[in-house]
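Residue numbers (our numbering), protein chains in the order written: chain A, 18 to 130; chain B, 67 to 179.
Accompanying notes for the structure given below.
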């Protein structure tokens, strides 16, 4: 099935650094979502984007819906230890997506004190 | 806001035994419901989704089945578990039918021995 290319696969950064990750697709999406998952828990929705070019912030997190509608990025500013986890992008394909989301493979973030 | 309950939280079952995982949702009306499986903390695989009572769409052929006996109840079952059924099972819902944004439950960790 349709896959989202999410990169990087993992990141090991210093506390206080900014983080950037992105997702790209060959298909056009009408919705982009970003989730964070901590070990043993379900993914938690961080940011939802519904319009091309939309830039939305949630605290230290900022995400954008790419103009081409084929990509999205998530930035985390001034990372802290509790930012550790796996970040997933997800989206609904504009044509034929139905009621389903396509998920990226995740970016594992590790923060060094 | 919606709340998703999953039961049980953890389960250890022998190969060949039956399975029943339950997901119930509060705070929504007529949601879409989803079952995902996640292996090794990465990659969400959509197993089933439902847009209404008694309506089940299967995404991946396997020895699992799903049922939706009530609007806010979604059940994942198997008659005979395989070793490969081990994983982290996540239930998700939308707030309303037709919406894209999915919210996840806490998950059930299944270990088949």
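No residue lacks a Cβ here, since even glycine has one placed at the ideal position from N, Cα and C.
Within 10 angstroms of the beta-carbon of residue 87 of chain B lie 16 or more other beta-carbons, which makes it buried.
What residue 148 of chain B touches in chain A, judged by beta-carbon distance under 7 Å, is nothing: the nearest beta carbon there is about 22 Å away.
Close CB contacts of residue 170 of chain B within its chain, under the 6 Å cut and outside five residues either way in sequence, are with 156 and 158 (chain order).
Here residue 104 of chain B is near residue 154 of chain B, since their CB atoms are less than 8 Å apart.
Taken in chain order, the members of the stretch 60-75 of chain A whose beta-carbon sits within less than 9 Å of a beta-carbon on chain B are 60, 61, 62, 65 and 67. Residue 172 of chain B belongs to the set of residues whose beta carbon lies under 8 Å from a beta carbon in chain A. With respect to the C-alpha of residue 89 of chain B, the residue from A:31, A:50 and A:59 having the closest C-alpha is A:59. Legend: CB atoms of the stretch 154-168 of chain B lying less than 7 Å from CB atoms of chain A belong to residues 156, 166, 167 and 168. Under the Cβ criterion of 8 Å, residue 120 of chain A is counted among the residues facing chain B.
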